[in-house]
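Reviewing the structure listed below.
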């Protein structure tokens, strides 16, 4: 299931906000008004309970863990133990996607002067580490380690899962043992994976970089060739030293992997008095256990074999809830299932032409905005949510998820299915109704093919539901599904979406906690071609207004201006209608009664960023 | 005999070579190939991608890749798995025991039930028991193994939850996953608890495989026994006035068992297929489960390793079968 | 999971049958056929199995018609009742519904049967064409050609089809029933070719074959007109059992998601989403499509058994 997502971020985004808390959070961000100061709109309200020391907790997943490589792995199961428990990041994110400082004293913003715009092409971001931080072996954790980690992320031999954003850093300057300055500026092609020259280093979504810098120790790794890191003992067996609250005592990889974690004796060094994570880890022992299959994981949750079960979905809710006294909580986040329409030509027969845009046959959606709007209006997002997502997904109102504060437009109208309006749009658009209920325009039938990942019953059911929805507006829709690898593959490898060999696709994207994460899906310069194979505007969206708004959004550092830009972008996107979200995919967790401070921080935190605060209720 | 074995071994080399060539080049035809694993990381740069392609040796000409693979199969550690960061040999050998335990257990259950059932059915031909067994074997033989497994799960793990749903051991009991050093140490101290734990877990998957096997084997035993009873020497033994018990046990049964015993080699592929299917249903951490995981990730070296090992095993067992036949059946001469 | 043991065991008997017929080809051919028919019909279960299979095939292939006649009870695969999703057997949904969109399982079993049966038969037709040609060539010409062809056959017999099918399915891309049938056919021919070869090895030594050769009859004619009719018994039996075998294999492969995909349904793909919700006790979703496979395969096995007995007078029952 997890392999059916296109990940926009090195850390697969999972979820945000515990179910019961979701409405509270919404109310809170609903109150955000543009008049707020910059820092107020990104201040985290995360406030864990004070824990008691001692005891053991077990948390679990069902998919295999092969290694502990925090830099290269895109497997959620690896990140769930690597990010948070074993390695600390510069900062994490809370349920509202607001940063929580971890290794740093403060999250850099323009307000606190740690982000400075030099000119139109340059900016500086200061990373200020807490002073006195130590690795688990007692050696000092310094700004040099941070610099080393960023260099590693940019080194192709390391194979980091994402270099997004780091390619804007022109140089790093170590001021002293706790201070590092990232000089953002123009970069040449080839630097940190850039495929073309970068003319401006201004990078307003810089906040998303903090969680990717899970600092690795220079002393332990610098004498090892980067290409050997993936098979080194440090990343595959027993990482020592580490920076997180827990350290690995024992790790067995595979489909029934087990990671035994014990407290890091030096974790509290330099942290005392900090607002977040300012204490030694509470637990005596923390075990991360892989069950190999979901049924036994659920059985494990219900029997008390595990205190917390991660990585469950809406379909599992009934199985968990029956006859169990723990809590099934769920959270919606930055993982969005959506419909992607090809706005250019279907390139199915254009391999020889290297999928040039001039080749292929135009899809029905090309240059037909009214049709695209009608398609969205006719889709029954509510029925999909209640029937296929257990009623806990969130039908989407704009292209941004409702939890992406402060950017989500809370005043956007709630989506309501309206077949009458959809039909009248089509009438107006020249799609005339035939006797058999289908529609045609200029002798061309209203028909298209929908594609998704094959072998996935959930997606197949979604397709069927939508096809029957669209029958109501006279559309004849058939399916053609592909193995996930082929479906999501890159342009050079002939990937179905990347090369445009489709009419309409159905899949989920997992986004970083910043609206800029959506930009590359829509900006016209990102349309993939032989010259720009890594372009990710697979829908071939081409809207000058949207181009302008999204580009400005990336280059504007001031948060209030950004909020206003992205609100306009949401309105424009809804009108242009290239991609539309179906629902915010919920993540489901089974939480035992004695698990303290489980906080499914969403997004890139995979719910484990706050592992330092986990404690066992009733332990003495 | 030695010459025969040697010749057969030599003959199997081209077969195995042909298999490996077919598989290796066949896999190149899979769209996307192992690189499609990176499809899920759009944030990864082309340069990083190139670095990995180079690390995996995928930038070499195909024939060079093949030769390197063949060399490592013969002399090395069967190459490195792309996604498990360990040598394929290590991965496969860590999974083989679970499959072997499952196959052996299933086979034992199968024979313990099928042989007596077949013998009784033959001796009491057309009795109620015989008819019932015939009916059972037809139905059992017609059942898809995976569906039978699902039905057993439904009945004995969901409706009447007396057996675990999946896995080979209860990790909570041992504190460590199967065959890790911690597990082995624990097993050394608590052998009885350890064996009982595996037994509880193996009941459903082994039964699944065995039921289908019993269906075939009991009928084979029955016809073999019927054959034996009608032989001249049995009639002679009866005519000599030996008791029916002696006739049946000493003369007929002994001869009837011979083909049944040699049958094991022919049954191996069936048993292996059964194990592959069952492992997929019961999350049994063996070769079958490994295969489907490797297929999902498209881990070339691992797929090649698994397929090669199963091919070698089957070739070996076919050879064993031939030797066994030659050994017990004097009519066959392999001079 | 074709039982090579049984098929192999019977081939000896069938050779004898061919030899008997060999004395006078034309006359005996007719009486042999008649004899076969009588023996088959006198088999205690085969004729009933044939009848049951016939009904099943009509029921499945008539599904679109039943849908027109009883639209409230038989739904097309693209129809579903969202509100009834995940409910057990009732008068409206005889076999209950699935837990996703609320497909009527009974309708899916009927519609799905079309693809399952098609793949079973289609794949074996392909397998028979390849297998007979291959085996006959090897057996008739013998020597080096035989050794070469049989070595290639060995290759296919050495790796379980179970492992090759999902692999092949990935090469072929999106799986239509035709493609699946083709893949299965390409992997099922070796067992047939082996049977044909062993038949031909002995048949070509028979007097009538030698006579034909002496008269200068072309090899192709000898193979197809003189030898093949005498080897037809074991081929038919293997063909029948192969159908059963491939129906089961298809069910497994589609169940795993490598075979038939929605919106097309086969018995296996109907089961695809079922294991995930097994713990909820939706027994009907698993039970009924599986039973359809069992009943069909049982019938085919009975028919195969009847054919075996009918084509081989020497068998001990």
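Residue numbers (this note's numbering), protein chains in the order written: chain W, 4 to 623; chain L, 37 to 371; chain X, 590 to 906. Cβ atoms here follow ideal geometry from the backbone N, Cα and C, with glycine treated the same way. Quantities reported herein were computed from a predicted structural model and do not represent experimental measurements.
Under the DSSP definition of a beta bridge, which residues are partnered with residue i?
i	result
residue 331 of chain W	W/593
residue 450 of chain W	W/479
residue 185 of chain W	W/128 and W/175
residue 583 of chain W	W/342
residue 59 of chain W	W/288
residue 507 of chain W	W/344 and W/453
residue 95 of chain W	W/103
residue 201 of chain W	W/190
residue 618 of chain W	W/599
For my contact list, residue i and residue j are in at a C-beta cut-off of 8 Å; report their separation, rounded to the angstrom.
i	j	result
residue 236 of chain L	residue 200 of chain L	7 Å
residue 420 of chain W	residue 380 of chain W	7 Å
residue 372 of chain W	residue 580 of chain W	6 Å
residue 194 of chain W	residue 170 of chain W	6 Å
residue 249 of chain W	residue 311 of chain W	The Cβ separation is near 15 Å, so there is no contact.
With 8 Å as the threshold, decide whether the Cβ of residue i is near any Cβ in chain W.
i	result
residue 321 of chain L	yes
residue 187 of chain L	no
residue 134 of chain L	no
residue 866 of chain X	yes
residue 266 of chain L	no
residue 218 of chain L	yes
residue 689 of chain X	yes
Between residue i and chain X, is the shortest Cβ-Cβ distance under 8 Å, so that the two count as touching?
i	result
residue 470 of chain W	yes
residue 315 of chain W	no
residue 525 of chain W	no
residue 45 of chain L	no
residue 509 of chain W	no
residue 142 of chain L	no
Would you say residue i faces chain L, with C-beta separation under 8 Å as the test?
i	result
residue 747 of chain X	yes
residue 887 of chain X	yes
residue 771 of chain X	no
residue 744 of chain X	yes
residue 872 of chain X	yes
residue 22 of chain W	Note that residue 22 of chain W has pLDDT 25, beneath the 50 cutoff, so the model's placement of it is unreliable and the number below is only indicative. Taking Cβ atoms only, chain L never reaches closer than 8 Å to residue 22 of chain W, which makes this a no.
residue 875 of chain X	yes
residue 845 of chain X	yes
residue 654 of chain X	no
Looking at residue i and the ligand PLP, is the gap between the Cβ and the nearest heavy atom below 7 Å?
i	result
residue 790 of chain X	Although the ligand PLP was asked about, the structure shown includes no ligands whatsoever.
Exercise. Could you name each continuous alpha helix (DSSP H) segment of 4 residues or more that falls completely within the region 725–805 of chain X, going from the start of the chain to the end?
Key: 732–747, 750–760, 766–792 and 796–803
Quiz prompt | Uninterrupted alpha helix (DSSP H) stretches inside the region 365–444 of chain W (no shorter than 4 residues) | solution = 372–381, 384–391 and 422–432
Quiz item: Touch check for the region 451–469 of chain W and the region 681–695 of chain X: three-plus C-beta pairs under 8 Å?
Solution: yes
Self-check item: alpha helix (DSSP H) runs contained entirely in the region 222–297 of chain W, provided each spans 4 or more residues
Solution: 236–239
Quiz item: Do the region 213–222 of chain W and the region 88–102 of chain W touch if we need at least three Cβ pairs shorter than 8 Å?
Solution: yes
Quiz item: Three or more beta-carbon pairs under 8 Å between the region 256–263 of chain W and the region 63–81 of chain W, yes or no?
Solution: yes
Quiz item: On the three-pair Cβ rule with 8 Å, is the region 240–247 of chain L touching the region 262–279 of chain L?
Solution: no
Quiz prompt | Any 3 or more C-beta pairs closer than 8 Å across the region 657–665 of chain X and the region 849–862 of chain X | solution = no
Quiz prompt | Segment contact flag, the region 699–715 of chain X with the region 603–610 of chain W, C-beta cutoff 8 Å, min 3 pairs | solution = no
Quiz item: Between the region 409–427 of chain W and the region 562–573 of chain W, do at least 3 Cβ pairs fall closer than 8 Å?
Solution: yes
Quiz item: Do three or more CB pairs link the region 78–95 of chain W to the region 492–503 of chain W at distances below 8 Å?
Solution: no
Practice problem: Could you pull out every unbroken alpha helix (DSSP H) segment of at least 4 residues lying fully inside the region 125–192 of chain L, listed in chain order? | Solution: 164–178 and 181–189
Self-check item: Stretch-stretch touch, CB-based, cutoff 8 Å, three pairs: the region 547–562 of chain W with the region 389–397 of chain W
Solution: no
Exercise. Tell me, please, whether the region 175–184 of chain L touches the region 885–898 of chain X by the rule of three or more beta-carbon pairs shorter than 8 Å.
Key: yes
Quiz item: Does the pairing of the region 220–235 of chain L with the region 281–291 of chain L give three or more beta-carbon distances under 8 Å?
Solution: no
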